[in-house]
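To start, the structure under review is shown below, and the notes come after it.
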Amino acid sequence: MARSMMIKTPATLLVAAFLLLAAAAEASKFDYAGAFDKCLQFFEAQRSGKLPSDRRVQWRGDSALTDGYSQGVDLVGGYYDSGDHVKFGFPMAYALTMLSWGVIEFEQEMIAANNLQRTLDAIRWGTNYIVKAHTEPNVLWVQANKICAFTSEMKGWRPGACDTDTVTPLFCPAVQVGDGDSDHLCWERAEDMTTPRTAFKIDTHHPGSEVAGESAAALAAASKAFKPYDSMYSDLLLLHAKQLFTFADTFRGRYDDSLQSAKKFYPSASGYQDELLWAAAWLYEATGDADYLQYISQNAEAFGGIGWAVFEFSWDNKYAGLQVLLSKVLFEQGGASAGYADTLKQYQAKAEFFLCACLQKNNGHNIKTTPAGLLYFDEWNNMQYVSSATFLLTVYADYLGVSHGVLKCPDGEVKPAEIIKFAKSQVDYVLGKNPKGMSYMVGYGSSFPAHVHHRGASIPSIFAMKDKVGCMDGFDKYYNSKGPDPNVLHGAIVGGPDANDGFVDDRCNYQSAEPTIAGNAPICGVFARLASEPAHASDTRFSVFISIVQSLNNVCAIADDNSPAYQQPHDSTPSNGSPLEFVHTVSNSWTENGVERYRHVVMAKNTCGHAITFLKLRIKELSGPIYGLTRTPGKDMYQFPSWLKRLNPGEQHTIVYIQGGPAAKISVVDYKTA
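Going letter by letter, the sequence shown gives residues -27 to -1, 1 to 647 in mature numbering (1 follows the signal peptide of the UniProt record, and there is no 0).
This is how it looks when you write it as structure tokens:
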């Protein structure tokens, strides 16, 4: 008796593949490009000074327009740190470093998301401020205080005494503009501030190596980010970066020893040695000057660079970021860094300790997680640490992917795709895949915090309510209000849930409900990275598609012994005098905002019989991001990335690009052989 059976034809399998792709697309519903855009909007909301007319955050107005003027220096601009109106120089510089690092690693993804220019604008707003504050090689203006820091024992003291001149002020210099103590006595809009903000500086007699070093790192990283787009500005930033590093290194000292009030808000628990190494690493990244690499190597042990295995990366503790950044030198240069290879490998070992601890594969020495899987570092603004750790995981996965390596943890090897999958799980938690079913990014999705610990968001805009809100008036009417914020602080990532995934949406809950620029900055680049479906992503749709195609190959071979097995669409360009043979395949497709996009993989094989040491390609009709090549001056021109020094005979180099429509056209313009 014959059995009825379903015949799996190629057509039915393709239908199944695309049904599964659609299901996977539904499961991965987060709009990472939208999250990236909102992440940048938060920086616009935090701007201090004279705001541009084309600003997107319309409820904000000009503020703090006389910062530094009483001392004869222009300190207008920069960023407010969080939910208050203090400009803390130390975490601000760190935020700029991380935004710039995001551009350096994910430039093409940001272009694809149509937000590279806004990212550079966000960086420039802060770097302009640092450049203005660096008035002499060994002077950095770092604080302008409200004249209102009091103690309760002072005669005539009362809350809100900032608005009177009846009490003698106590000046407490710190690495910031605005006094934290007095600022926290008021709940008012930035636009309503009327109290003086006296400026202070670090210099040779009052050193602050942490803030000077971090400012040097920020300007060096920004210099590299701006280099292809504004070379003169890049050179200016680099000049200041070099001077600030020399200042930080020559006149060593903790900034919170020189400036006591800094200890209340941003104390330097790790000391200044990590900032000195961090600044030198960024100067090496920006210049390629081996003197900085020598400095990093010589001071590796004394400064803790290869001795500290850490469990966080933050505005204070730079060691994990430093170690990942220096690992990049090994990945890119290999034998070219031979003189420092042993030391760099020790930095790399410490980097991988941190990464394995995040991935829960570090032989029990792991970073804690909540029951739902969120990395949990600290009860106070935990999301800032999630943001920075996710960034390091993402960039390291890409370093490994390009070099075809794996992360070797005590509890097993981890492939780049698995690292990306874990990083994505952290991002998805932030955006709403969590037990509360809410986004911890304000303004993203349908459920997000509506009572953010943020003065400007909680008080009606000056354009909606002209009357001035007094220092103490804001507490009664707005801070203690149970109503939602009248201004949505789009893109702000709040402190986040507790160790058990719990969260109370309460403005008074500043540990969990307050956002910071230091928390937002690292994850901005990760949003861009995930939005562009990069080459080594752990994408469920891609895995499903490949498995179906493999099944299809088998079925086709069984169905017709006389027909060749199914092959993915490809096109092979023969040498014909060219030193390379290009084999092009389409490895994935998906729909994004109604547009069908394709992941193109091009294998460039050296067929000329000699090692290729220089290559220039012309790529026409390219509309999306590309990986494995570096853009050069000239229309449609690309070359080998800096880490690829030669392509030996018979070797292949992988190029990946993403776009809708037909494939790009690749041709060799020029090349040199060994």
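Glycine included, every Cβ here is placed at the ideal spot set by N, Cα and C. Since the structure is predicted, the reported quantities are computational estimates derived from the model, not experimental observations.
Alpha carbon to alpha carbon, what distance is there between residue 66 and residue 277?
When only Cα atoms are considered, residue 277 and residue 66 end up about 22 Å apart.
Next on the checklist: Does residue 636 come out as helix, strand or coil in the three-state DSSP assignment?
Outcome noted: Coil, per DSSP.
TODO: Per DSSP, which residues does residue 489 bridge with? Please list them.
DONE: Under DSSP, residue 489 forms no beta bridge with any residue.
_For residue 578, the first and last residue of its enclosing beta strand (DSSP E)_ = Where residue 578 is concerned, the enclosing beta strand (DSSP E) stretches over 568 to 579.
- Task: Write down the C-beta distance between residue 334 and residue 385 rounded to the nearest angstrom, noting that I regard them as a contact closer than 8 Å.
- Result: Right, the Cβ-Cβ distance comes to about 6 Å (below 8 Å), so this counts as a contact.
Return the bridge partner residues of residue 58 from the DSSP annotation. Partner residues in a beta bridge of residue 58, as assigned by DSSP, do not exist.
Give the DSSP-derived three-state secondary structure of residue 213 in the structure shown.
Three-state DSSP puts residue 213 in a helix.
Going by DSSP in three states, residue 272 sits in which element: helix, strand or coil?
Shown here, residue 272 sits in coil according to DSSP, grouped into three states, outside any helix or strand.
Q) Is residue 171 helix, strand or coil by DSSP? A) It is a strand residue.
**Option in 345, 391, 194, 185 with minimal Cα separation from residue 225** = When only C-alpha atoms are compared, the closest one is 185.
Report task. Pull up the CB-CB distance for residue 413 and residue 464, whole angstroms please, since I reckon it's below 8 Å. Result -> About 11 Å; that fails the 8 Å criterion.
Notebook entry, point to check: What separation, rounded to the nearest whole angstrom, lies between the Cα atoms of residue 244 and residue 61?
Noted result: Rounded to the nearest angstrom, the two C-alpha atoms are 17 Å apart.
Assuming residue 327 and residue 283 make a contact with CB atoms under 8 Å, what is their CB distance in whole Å? Cβ-Cβ separation between residue 327 and residue 283: approximately 6 Å, consistent with a contact (criterion under 8 Å).
Identity of the residues DSSP links to residue 554 by a beta bridge
For residue 554, the pairing in a beta bridge is given by DSSP as 578.
Taking C-beta to C-beta, are residue 82 and residue 501 nearer than 8 Å? Taking 8 Å as the Cβ cut-off, residue 82 and residue 501 qualify as a contacting pair.
If you follow the beta strand (DSSP E) that residue 587 is in, where does it begin and where does it stop?
Per DSSP, residue 587 is one residue of the beta strand (DSSP E) stretching across 585 to 593.
Original post:
Does the distance from the C-beta atom of residue 35 to that of residue 164 stay below 8 Å?
Top reply: Cβ atoms of residue 35 and residue 164: closer than 8 Å.
* Going by Cα to Cα distance, which pick from 325, 288, 602, 89 is closest to residue 188? -> For residue 188, the closest alpha carbon among the candidates 325, 288, 602, 89 is that of 288.
*Distance between beta carbons of residue 253 and residue 269, contact taken as under 8 Å*: With a Cβ gap of about 5 Å, residue 269 and residue 253 count as contacting.
inquiry  = Just to confirm the assignment: which complete alpha helix (DSSP H) runs, minimum length 4, are found wholly within the segment 308 to 387?
reply    = Listed in chain order, the complete alpha helix (DSSP H) runs (minimum 4 residues) inside the segment 308 to 387 are 314 to 331, 355 to 376.
*Of the residues 75, 480, 179, 424, the one placed nearest residue 115, counting alpha carbons only*: That would be 179, whose Cα lies nearest to the Cα of residue 115.
- Query: Once you ignore the five residues that flank residue 17 on each side, which residues in its own chain have a CB closer than 7 Å to its CB?
  - Reply: Counting only residues of its own chain and dropping the five nearest sequence neighbours on each side, residue 17 has a CB closer than 7 Å to the CB of 28, 29, 30.
Exercise. In angstroms, rounded to a whole number, what distance separates the CA positions of residue 317 and residue 424?
Worked result: Linking residue 317 to residue 424 through their CA atoms gives a straight-line distance of about 46 Å.
- Message: Tell me which residues share the same chain as residue 609 and place their Cβ nearer than 8 Å to its Cβ, disregarding the 5 neighbours each side in the sequence.
- Response: Correct list, in chain order: 591, 592, 593, 595.
Inset, instruction - Would you decide whether residue 71 is buried or exposed? Buried here means 16 or more other CB atoms lie within 10 Å of its CB. - result: With 16 or more Cβ atoms within 10 Å of its Cβ, residue 71 is classed as buried.
Under 8 Å between C-beta atoms of residue 422 and residue 486: In this structure, residue 486 lies closer than 8 Å to residue 422 by Cβ.
task = With a threshold of 16 other CB atoms inside 10 Å of the CB of residue 193, please say whether the residue is buried or exposed.
result = Residue 193 should be labelled buried.
Original post:
Which of helix, strand or coil does DSSP assign to residue 477?
Top reply: In the three-state reduction of the DSSP assignment, residue 477 falls in the coil class, being assigned neither a helical nor a strand state.
- Locate the beta strand (DSSP E) running through residue 684, then write down its first and last residues. Because the chain is modelled from -27 through 647, residue 684 falls outside the range shown and cannot be assessed.
With DSSP as the reference, identify every bridge partner of residue 207, one or two as the case may be. Under the DSSP definition of a beta bridge, residue 207 lacks any partner.
Would you call the segment 434 to 452 and the segment 380 to 395 in contact, with 3 or more CB pairs under 8 Å?
-> Using a Cβ-Cβ distance cut-off of 8 Å, the segment 434 to 452 and the segment 380 to 395 are not in contact, since fewer than three pairs of beta carbons, one from each stretch, lie closer than that value.
Residue closest to residue 415, alpha-carbon to alpha-carbon, out of 467, 471, 44
Of 467, 471, 44, the residue nearest in Cα terms is 467.
Where do the N-terminal and C-terminal ends of the beta strand (DSSP E) with residue 44 fall, by residue?
Per DSSP, residue 44 belongs to no beta strand (DSSP E) and is neither H nor E.
Handout entry: Which of helix, strand or coil DSSP assigns to residue 529
Key = Any reading at residue 529 must be qualified, since the residue scores a pLDDT of 34, below 50, and its modelled position is unreliable; the value itself is stated next. Reduced to three states, the DSSP call for residue 529 is helix.
- Since residue 612 is in the alpha helix (DSSP H), which residue starts that stretch and which ends it? No alpha helix (DSSP H) contains residue 612, which is instead part of the beta strand (DSSP E) from 610 to 612.
If we call anything under 8 Å between Cβ atoms a contact, is residue 297 one with residue 396? Not in contact: residue 297 and residue 396 (Cβ atoms no closer than 8 Å).
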